[in-house]
Structures are given as C-alpha cells and as structure tokens.
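K.L.:
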Amino acid sequence: MDLERRLVAIGLPLMVAGCSTTPLVGDAGLVQPFSNERQTTLLPHDPPLTAAYQRRFKRLTFVGIEHTTNPQSASFAAIEKAFDTLQPRAVIVEGFATLWGPSPSFLLKSLDKPWEQRNSYERGEAFHAVTLAAGRQVPFWGGEPTDSELVDRLLAMGSASADVFAALMFGPLNQDWRSGAFLAPTGPDFEVSYARWAADIEQAFANPPPTDLASFQAWYLARFGKPIEADPEWATRGGPDGDSISERIGGQSNLLRDRHLFELMLKLTNERERVLTVFGSSHLANQWDALKASFGAPILR
Numbered sequence: 017m018d019l020e021r022r023l024v025a026i027g028l029p030l031m032v033a034g035c036s037t038t039p040l041v042g043d044a045g046l047v048q049p050f051s052n053e054r055q056t057t058l059l060p061h062d063p064p065l066t067a068a069y070q071r072r073f074k075r076l077t078f079v080g081i082e083h084t085t086n087p088q089s090a091s092f093a094a095i096e097k098a099f100d101t102l103q104p105r106a107v108i109v110e111g112f113a114t115l116w117g118p119s120p121s122f123l124l125k126s127l128d129k130p131w132e133q134r135n136s137y138e139r140g141e142a143f144h145a146v147t148l149a150a151g152r153q154v155p156f157w158g159g160e161p162t163d164s165e166l167v168d169r170l171l172a173m174g175s176a177s178a179d180v181f182a183a184l185m186f187g188p189l190n191q192d193w194r195s196g197a198f199l200a201p202t203g204p205d206f207e208v209s210y211a212r213w214a215a216d217i218e219q220a221f222a223n224p225p226p227t228d229l230a231s232f233q234a235w236y237l238a239r240f241g242k243p244i245e246a247d248p249e250w251a252t253r254g255g256p257d258g259d260s261i262s263e264r265i266g267g268q269s270n271l272l273r274d275r276h277l278f279e280l281m282l283k284l285t286n287e288r289e290r291v292l293t294v295f296g297s298s299h300l301a302n303q304w305d306a307l308k309a310s311f312g313a314p315i316l317r
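Heads up: take any position in the sequence shown, counting from 1, add 16, and you land on the working numbering.
Right, here's the structure in full:
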C-alpha cells in the first residue's frame, strides 16, 4: 500500500505536467471579417464583455471593451477585474506593434506623465491595461502587426497607395476626435492631429503618396463628394463595414490585424499559460470561431 501511494504521488505530477505542456493549436483562417450581424448575434450584451477561455491548464481571458478615455468607465473596471481574476502572466493590448517586444521602454516612460500631458492613447483603456501590467511586473505586448506589414499586404491586394494611406488615417483621427483633441475635422487642432499621424503612417510606405493635408482633403472630396468638414459621417468612413474604398480597405486591414492577434494569443498562451487580451469588443466577435475551435466555448460575463 505504501508503494502504491508513492507511485500515485510520483505519477500524478507527471501526468499534470504532461497535460500542461500539450500545445494549443489553431487556425487563423477561422478568424472572420467584421460584420454588424456577427456583433449582434455572438455578443450577448454591449461592451465591456469578458470571455474567459480554458483548455486544460492554459487560460485566455479576452476583455472586449468600448474605447474610452474615462477612468470611471465600465471598460476600465472590467480590465481591473480581469487582472484580479486571472492573475495573468502576459498581457496583450491594442494599439502598438508586437514587433516592439515585451513592455516597450517608451511606454513605460509614459507611466509617470500627468494626465493633462497624455495623448489620447495614454488616456485610453489599452494604456490602463499597460499601467496595471507594469504595476504587477507582468510583461505586456502590443497585439498589432507593424504599419509597414499592413501597408505591404494591402498594396499586394491591389489597393492604390493614396487609398491605403487615407484609409489608415481614419482610425487615429477618430481616436483623437473621441478623446477631445479636436472637435471637428477642420481648424488648428485638427491640423496638429493630422500632421502627427500623417508623419507616422507615411513612414510605413516604401514609396508614399502625397500625405499633406491638402492632398487628403482633395482625396476625400473626390471619394465622397463633399469636403470632410461638411460631412457629419466622416468618422465612420474608415470603418470595417461598408462599400466605400476606405471602408473596404478598413475591413481588409481589420482582418489582417485580427489574424495576427489570434496567432499571438495562441503563442503566448502556449508559452505563459495565463494571458489577458484587451481589445475592442468587435475583435472578440471576429475571433469567436477561431478561439472556440482552439479552447472550446468561453464563460461570458
């Protein structure tokens, strides 16, 4: 009997270790393009929405948030709860490239910035996750491909460089507008925001198109039949669901980003076993089929 107990005592940890090291596998081809129908069908309520996945000892929690710069928001609170519940060993956040490596130093340097000196990203929910990860000494990664990777793939799909540049400008401009950096797409504040993001995105092109504001305004007028400052729907023009050229490119870009994110989540979950992802809720719906195939159905809250 004593021998049997000793064998069980030795064998059980070996069995557990063996299960723990079985790698997760997945198919990024199961990641779906954005559609409003998927959002309403798959997500049971408005964001924030937390989906907790587990396969054996590997756990992934995906907090699908509403983009916000309000520290009192439900999205900020959902991120905090996920940290407390999961105790992650790795964190993935929206808004910067995986290629920059774990816990990029330039983001760590921004942690001590006073609120009034922070840009729109540093006030947002993704940076809140960065702050919590750094405070707990948990490494964090960006969940994005580089801009150059995106541009190269989009150009290879046949899009013109001027269309790709303009389509990629809508996201950061929309982010600045929602954060209050400018109130309308005209005037000095808008010009400052435009110049900053145009200089950043231009670097992603080996042969960039004209990127000055006048060229962007002329492109907008040609594509949408009205000046950007006279279009109340300007902020939706780069969305991933629509028929305009910028919306089609936005949809292609979104799918490329989501497939990159899926592969990163599997990689880090295999390596670190407890991973927290903080992205916009639409990305959770896009990932739904792929994550379910790898982990099984999530627990939702």
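Built from N, CA and C at the ideal position, the CB exists for glycine as well.
Rounded to whole angstroms, what is the Cα-Cα separation between E138 and I95?
P.N.:
15 angstroms
K.L.:
Between the region 294-301 and the region 42-62, do at least 3 Cβ pairs fall closer than 8 angstroms?
P.N.:
yes
K.L.:
Just tell me which of T114, L76 and L189 has its CA closest to the CA of L102.
P.N.:
L76
K.L.:
Excluding five sequence neighbours on each side, which residues of the same chain lie with their C-beta closer than 7 angstroms to the C-beta of A197?
P.N.:
Result list for A197: S136, D205 and S209, in chain order.
K.L.:
Hey, R105 and E289 are a contact pair by Cβ (cut 8 angstroms); roughly how many whole angstroms apart?
P.N.:
6 angstroms
K.L.:
Can a CB atom of chain C be found closer than 8 angstroms to the CB of T56?
P.N.:
Note that chain C does not occur in the displayed structure, where there is just one protein chain.
K.L.:
Is it right to say L19 is buried, meaning 16 or more other beta carbons lie within 10 angstroms of its own, or is it exposed?
P.N.:
For L19, the pLDDT reaches just 36, beneath the cut-off of 50, and the residue's location in the model is therefore unreliable, although a value from the coordinates is still provided. Exposed.
K.L.:
Taking the Cβ atom as the reference point for each residue, do P243 and Q233 lie within a distance shorter than 8 angstroms?
P.N.:
If you check the CB distance, P243 and Q233 come in under 8 angstroms.
K.L.:
What whole-angstrom Cβ distance do E245 and G255 have, given they're in contact under 8 angstroms?
P.N.:
That belief does not hold up - the Cβ atoms of E245 and G255 are roughly 19 angstroms apart, past 8 angstroms.
K.L.:
Which of helix, strand or coil does DSSP assign to T85?
P.N.:
coil
K.L.:
Tell me whether L23 is buried or exposed, calling it buried when 16 or more other Cβ atoms sit within 10 Å of its Cβ.
P.N.:
Low per-residue confidence applies at L23: pLDDT is 33, beneath 50, and the placement is therefore not dependable enough to give any value.
K.L.:
Under a three-way DSSP split, which group does T147 fall into?
P.N.:
helix
K.L.:
Can you tell me the Cβ-Cβ gap for G159 and F73, rounded? I've got them flagged as a contact below 8 angstroms.
P.N.:
For a cut-off of 8 angstroms, the C-beta gap from G159 to F73 is around 23 angstroms, too long to register as a contact.
K.L.:
Any idea which residues DSSP pairs A113 with across the strands?
P.N.:
Note: A113 sits in a beta bridge opposite E160.
K.L.:
Return the residue from the list A150, T114 and F112 that minimises the CA-CA distance to D128.
P.N.:
A150
K.L.:
Looking at the strands, I want to know which residues DSSP matches up with I315.
P.N.:
A68
K.L.:
Sorted by chain position, which residues of the same chain lie with C-beta nearer than 6 angstroms to L148's C-beta, five sequence neighbours on each side aside?
P.N.:
F99.
K.L.:
In angstroms, rounded to a whole number, what distance separates the CA positions of S119 and S164?
P.N.:
Taking the straight line joining both Cα atoms gives about 21 angstroms.
K.L.:
Whole angstroms are fine: how far does the CA of G241 sit from the CA of S121?
P.N.:
Spanning the two alpha carbons is a distance of roughly 44 angstroms.
K.L.:
Rounding to the nearest angstrom, what Cα-Cα distance links D179 and T38 in this structure?
P.N.:
44 angstroms
K.L.:
Cα separation between W304 and V41?
P.N.:
15 angstroms
K.L.:
DSSP beta-bridge partners for R290?
P.N.:
In the DSSP output, where bridge partners are listed per residue, R290 has R75.
K.L.:
What residue range is occupied by the uninterrupted alpha helix (DSSP H) comprising Y236?
P.N.:
L229 to F240
K.L.:
Might you give, ordered along the chain, the residues of its own chain that have their beta carbon closer than 7 angstroms to the beta carbon of A44, omitting 5 neighbours on each side?
P.N.:
R275, F278, E279 and A306
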